[in-house]
């Protein structure tokens, strides 16, 4: 992979953006990486980060335009008009995203597909597309509104005005802000803690929150109960109970 670096060191897989713009190459390589991660039972958590001065400054417009002389066709061919980051959101593993520098346009759309986002103090967030006569794409409007609520999402989407990390924390885009020098360490600490937990329980808990949020409350409650009942049949659930009674750390197998 030339645009996205995948390093698997079980139980953690690391995805690092080589460039700080998002184009067709990043979209294609992300799909391949997600497929590899989903099929690796030794991976329990994913850490997504940017390898440059910024996590993601936006879309790689020159590269996207090279896909086709027609703008709509170019975006379609690159996968931008679909849900290019849905593969990340759908992973049966937790995804922790470490954000620094500019997190704009396609960069923010990608980050919103993660489960947990933490930001360095220097991070800024924006969706500038309306200033170019475009609607923010790749799930940005939908995931942002579901995360922050309609009012905060509309303020960001319609104005295109950047917000800083403190405001991103206030409206719920990120769950934590740390000094830039501590960003990678903090992301690893969160990932490490999740990796110690039951992998099937983590998967089902992620599903309960993510899918349940799209359901009426009564259906969401039933879905939560269904997942809980399924979990009772697993070896990991039995191991968790034994470990609790024996006052030791559980040894989960993902079974």
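Residue numbers (my numbering): 716 to 970. We put the beta carbon where it would ideally sit given N, CA and C, even for glycine.
Looking at the DSSP output, residue 811 sits in a beta bridge with 762, 831.
Taking one beta carbon from each stretch, the stretch 763-775 and the stretch 905-914 have fewer than 3 pairs nearer than 8 Å; the two do not touch. Partner residues in the beta bridge of residue 730, as assigned by DSSP, are 721, 763. Between the C-alpha atoms of residue 871 and residue 965 there is a straight-line separation of about 44 Å. Between residue 739 and residue 718, the gap from beta carbon to beta carbon reaches 7 Å or more. Rounded to whole angstroms, the separation of the alpha carbons of residue 961 and residue 799 is 45 Å. The continuous beta strand (DSSP E) containing residue 893 extends over residues 891-893. Note that the C-beta distance between residue 879 and residue 940 is not below 7 Å. Nearest C-alpha to residue 815 among 755, 898, 808: 898.
Residue pairing by DSSP places residue 817 opposite 839 in a beta bridge. For residue 775, the closest alpha carbon among the candidates 742, 864, 806 is that of 742.
Assigned with DSSP and collapsed to three states, residue 771 falls in strand. Under a 10 Å Cβ-count criterion, residue 744 is classified as buried, with 16 or more other Cβ atoms of the shown protein chains found around its own Cβ. Looking at the backbone, the Cα of residue 894 and that of residue 882 are separated by about 15 Å. Secondary structure note for residue 957: its alpha helix (DSSP H) is the uninterrupted segment 950-960.
In the DSSP assignment, residue 917 falls within the alpha helix (DSSP H) that extends over 914-927. Straight across, the Cα-Cα distance linking residue 918 with residue 932 is about 20 Å. The residues 913, 915, 967, in chain order, have a CB closer than 6 Å to that of residue 951 in the same chain once the five nearest residues on each side in sequence are set aside. Beta-bridge partners assigned by DSSP to residue 797: none are found.
Within the DSSP secondary-structure output, residue 903 pairs in no beta bridge.
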